[in-house]
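Protein chains in written order, with the numbering used here: chain C, 439 to 548; chain E, 24 to 135.
C-beta: ideal position from N, C-alpha, C; glycine also.
What follows is a single structure, written as structure tokens, with notes after it.
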Amino acid sequence: KNEVEQSPQNLTAQEGEFITINCSYSVGISALHWLQQHPGGGIVSLFMLSSGKKKHGRLIATINIQEKHSSLHITASHPRDSAVYICACVTSGSARQLTFGSGTQLTVLP
Amino acid sequence: SQTIHQWPATLVQPVGSPLSLECTVEGTSNPNLYWYRQAAGRGLQLLFYSVGIGQISSEVPQNLSASRPQDRQFILSSKKLLLSDSGFYLCAWRYRAHYGYTFGSGTRLTVV
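Written out as structure tokens, the structure reads:
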């Protein structure tokens, strides 16, 4: 079992739909990153959070430390949101290494 | 402000050729530096990390090596590329005392 599990692996939505991507982890963490990887390969960091909720435009990220779970929500989805979304956990302790989920491929259809 | 530069964005190399990917950080000193790889259909995996000049730790035995000749420069190399070296390579850094990472934009390497 992977230490960081994402679901779903693939997600197809119609433009305008509300989207949720989930991330569950089994390790102790200091923080969690949500990353976006576009078809060309470039990685963009969307959020880093260690508690609560963060919002940026149409994107919302939440984390529940007790339940070891984080979600990324996209409101009013658009075809340009099509990308791979990756959850990455910063392990607690002095090492603070990153453990990545396998990613969620999101396709938003017009 | 701190920035991270990684190049090239894409690279196509023949089998057996050498490789050099460079990552530089600006606006900070003494960062922890990291190289990750994403093979086709798999998640990102840590290859090397460095806590200082000349200090390299390897996580996965492979055909690659890393060097840190300057405080803010991290280089990923190979003497002879294999087909299995194809993938997406990502550089990242963080402050030693912090847990937030900053990511480069990545390099898509195709070995043919």
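- Partner residues in the beta bridge of residue 459 of chain C, as assigned by DSSP, are C:510.
- The Cβ of residue 445 of chain C sits no closer than 8 angstroms to any Cβ of chain E.
- For residue 24 of chain E, the CB contacts under 8 angstroms within the same chain, skipping 5 residues up- and downstream, are 50 in chain order.
- When the Cα atoms are used, residue 547 of chain C and residue 516 of chain C turn out to be separated by approximately 8 angstroms.
- CA-to-CA, the gap between residue 497 of chain C and residue 489 of chain C works out to about 16 angstroms.
- For the 8 angstroms CB-CB criterion, residue 539 of chain C and residue 474 of chain C do not form a contact.
- At a cut-off of 8 angstroms between beta-carbon atoms, residue 518 of chain C makes no contact with chain E.
- Boundaries of the beta strand (DSSP E) harbouring residue 546 of chain C: 542–547, taken from the DSSP string.
- A direct Cα-Cα distance of roughly 12 angstroms separates residue 97 of chain E from residue 53 of chain E.
- Under the Cβ distance rule, residue 485 of chain C does not count among the residues neighbouring chain E, no pair being separated by less than 8 angstroms.
- C:509 is the residue among C:518, C:509, C:513 whose C-alpha sits nearest the C-alpha of residue 525 of chain C.
- Excluding the 5 residues flanking it on each side, residue 440 of chain C has same chain C-beta neighbours closer than 8 angstroms at 539, 540, in chain order.
- The region 29–41 of chain E makes no contact with the region 60–70 of chain E; the number of CB pairs closer than 8 angstroms stays below 3.
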